[in-house]
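Trainee: According to the UniProt record's numbering, the sequence shown is numbered sequentially starting from 1.
One structure coming up, written as structure tokens, with questions to follow.
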Amino acid sequence: MSDRILDFLRRRKSDGPCVVVDLDIVRENYAAFAGALPDTSVFYAAKANPAPEILNLLAELGSSFDCASVGEIEMVLATGADASRISYGNTIKKERDIARAYALGVRLFAVDSVEEVEKIARAAAGARVFCRVLCDGVGAEWPLSRKFGCEPAMASDVLEHAHRLGLEAYGVSFHVGSQQANLGAWDLALAMAADVFGEMSRRGIELKMVNMGGGFPTRYLKDVPGVPSYGEAIFQSLTRHFGNRLPATIIEPGRGMVGNAGVIEAEVVLISRKSAEDPIRWVYLDIGKFHGLAETMDEAIRYPIRTPKDGDQTAPCVLAGPTCDSVDVLYEKTPYELPLSLAIGDKVLIEACGAYTTTYSTVGFNGFAPLASHVI
Ligand SMILES: *Cc1c(COP(=O)(O)O)cnc(C)c1O
């Protein structure tokens, strides 16, 4: 929580919940990633928070960008960054969007199937492609399931197909799952990547790049290892699996770049109980799953919450949002400890909300405005 954010909130006139992002913290995070892995290129995953001020700052600092759509590519190009600093990292793209990205200058594309390779060969002749391999996401608080990536054995066929169609079979990518607190996750994935490099080499194709994805955590309620620990672990794994022939490498931090830079201010709308004897209070905020806190789905991400009554005696609460949808409950299976003295009208600060909040907000479900965002 930065003093700049607290200052801004103190002086703020407007009503309603908002997120405030401190660019100084984003700058520190970028420096931490760039410093922890000095030979690795940083591609900020724009989806985590595509606010123009954040993209502008990162472009100025020398970051590259991982984009998932033509819309994100255009947002990055609006910073003045060259298209050579963009990776179209979504493995699921319309052919006409590939063509549009190519026309905008993008030359680096993710694939995880021969079907996608064929689209790229038609719409982006000669481009570089990397194949995403499946990762089980064990240890991640927001795992990515089997939606993206293919088995490593298939990756070699996908890349060979790309090579045959005149594309540059450039490398391998993986994502170990978001909010990944297990440093060893990258080791398993890098072992897989090295296997694909070996198999491709036997087929006469030398891959050049490993895209090590995102997954770097933000501190919520539990401590997480710092960026330097990730850098060390990853560098050791790279050396273990690739020896002294290290490939070019990329990381794509999203959450780790902006998560801790943002704070949401919200207001307590109601505190009530379901019966006179009910020990559990229900605390309803003016923000919930539909206006920025979507990652509380399945209670996956537990945000630190500060109240003006911190230090007073606490008791467990169910925490919920203000809308008329019954899924708009943030924490119920594991209730949240809040002060007994917390009162209707109190403002609360929800920390580490810089990532995956603004763009996850609905455009106006139930007539509540989308999450307001201030970048300072
Ligand atoms: C979402 C995403 C990221 C960022 O993930 P974080 O866990 O937020 O760091 C990186 N790469 C790809 C391909 C993604 O889809």
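We put the CB at the ideal spot given by N, CA and C, even for glycine.
1. Quick check for students: name the residue ranges of the alpha helix (DSSP H) that lie wholly in the region 203–245, counting only runs of 4 or more.
2. Would you mind stating whether I73 and I86 have Cβ atoms separated by less than 8 Å?
3. Buried or exposed, going by whether 16 or more other CB atoms sit within 10 Å of the CB of T40?
4. Report back the beta-carbon spacing between T334 and N366 to the nearest angstrom; my notes put them in contact at under 8 Å.
5. Since K333 is in the beta strand (DSSP E), which residue starts that stretch and which ends it?
6. How many angstroms separate the CA atom of G259 from the CA atom of P253?
7. Confirm the yes/no value for this check: CB of R128, any heavy atom of ligand 1, distance under 7 Å.
8. Apart from the five residues on each side of it in sequence, which residues of its chain come closer than 6 Å, Cβ to Cβ, to R302?
9. Is D136 a contact residue of ligand 1, with contact defined as CB to any heavy atom under 7 Å?
10. Given 7 Å as the limit, tell me if P50 has its C-beta closer than that to any heavy atom belonging to ligand 1.
11. Can you find at least 3 beta carbon pairs, one from the region 16–36 and one from the region 52–63, that sit closer than 8 Å?
12. Report back the beta-carbon spacing between L207 and E265 to the nearest angstrom; my notes put them in contact at under 8 Å.
13. If we count the other Cβ atoms within 10 Å of its Cβ and call it buried at 16 or more, is P52 buried or exposed?
14. DSSP beta-bridge partners for F109?
15. Tell me, please, which residues DSSP counts as bridged to Y284.
16. Between I287 and I251, what straight-line distance do the alpha-carbon atoms span, to the nearest angstrom?
17. Give a single yes or no on whether A32 has its beta carbon closer than 7 Å to a heavy atom of ligand 1.
18. Just curious, the beta strand (DSSP E) that L349 is in, first and last residue?
19. Return the residue from the list E337, A36, D195, F148 that minimises the CA-CA distance to D312.
20. State the start and end residues of the unbroken alpha helix (DSSP H) segment that holds V114.
21. Could you check whether E295 and Y230 sit closer than 8 Å to each other, using their CB atoms as the reference points?
22. For a quick check, are the C-beta atoms of G321 and L285 less than 8 Å apart?
23. Around the C-beta of I54, are 16 or more other C-beta atoms found within 10 angstroms, so that it is buried, or is it exposed?
24. What three-state label does DSSP hand R306 in the structure shown?
25. Do you know whose CA, among I305, I25, T239, lies nearest P339's CA?
26. Which stretch, first to last residue, makes up the beta strand (DSSP E) that contains S64?
27. Measuring CA to CA, which of F197, A140, E232 is closest to S35?
28. DSSP on S326, reduced to helix/strand/coil?
Mentor: The structure says:
1. If you keep only unbroken alpha helix (DSSP H) runs of at least 4 residues inside the region 203–245, you get 227–242.
2. Their beta carbons are under 8 Å apart, which means I73 touches I86 by this criterion.
3. By the 10 Å Cβ count, T40 comes out buried.
4. About 26 Å separates the beta carbons of T334 and N366, which is beyond the 8 Å limit, so they are not a contact pair.
5. Residues 329–339.
6. Looking at the two C-alpha atoms, the distance is approximately 10 Å.
7. Because no heavy atom of ligand 1 lies under 7 Å away, the Cβ of R128 does not count as near it: no.
8. Y220, L221.
9. Outside the cutoff, so no.
10. No, the beta carbon of P50 sits no closer than 7 Å to any heavy atom of ligand 1.
11. At 8 Å Cβ cutoff, the stretches touch.
12. In fact, because the Cβ distance is near 47 Å, the residues do not count as touching under 8 Å.
13. Answer is exposed; the Cβ neighbour count stays below 16.
14. BP columns for F109 point to Y88, V129.
15. Paired residue(s): L270, A320.
16. Spanning the two alpha carbons is a distance of roughly 32 Å.
17. The answer is no for A32.
18. Segment 347–350, the beta strand (DSSP E) holding L349.
19. Nearest of E337, A36, D195, F148 to D312, Cα basis: E337.
20. Here the alpha helix (DSSP H) through V114 covers 114–123.
21. In this structure, Y230 sits away from E295, with a CB-CB distance that is not shorter than 8 Å.
22. Yes, the pair counts as a contact, with Cβ atoms nearer than the cut-off.
23. If you draw a 10 Å sphere on the C-beta of I54, you find 16 or more other C-beta atoms in it, and that means buried.
24. Residue state, collapsed to three classes: strand.
25. Nearest option by C-alpha distance: I305.
26. Where S64 is concerned, the enclosing beta strand (DSSP E) stretches over 64–67.
27. First, the residue type needs correcting, since residue 35 is Gly and not Ser in the sequence shown. Out of F197, A140, E232, E232 has the C-alpha closest to the C-alpha of G35.
28. Coil.
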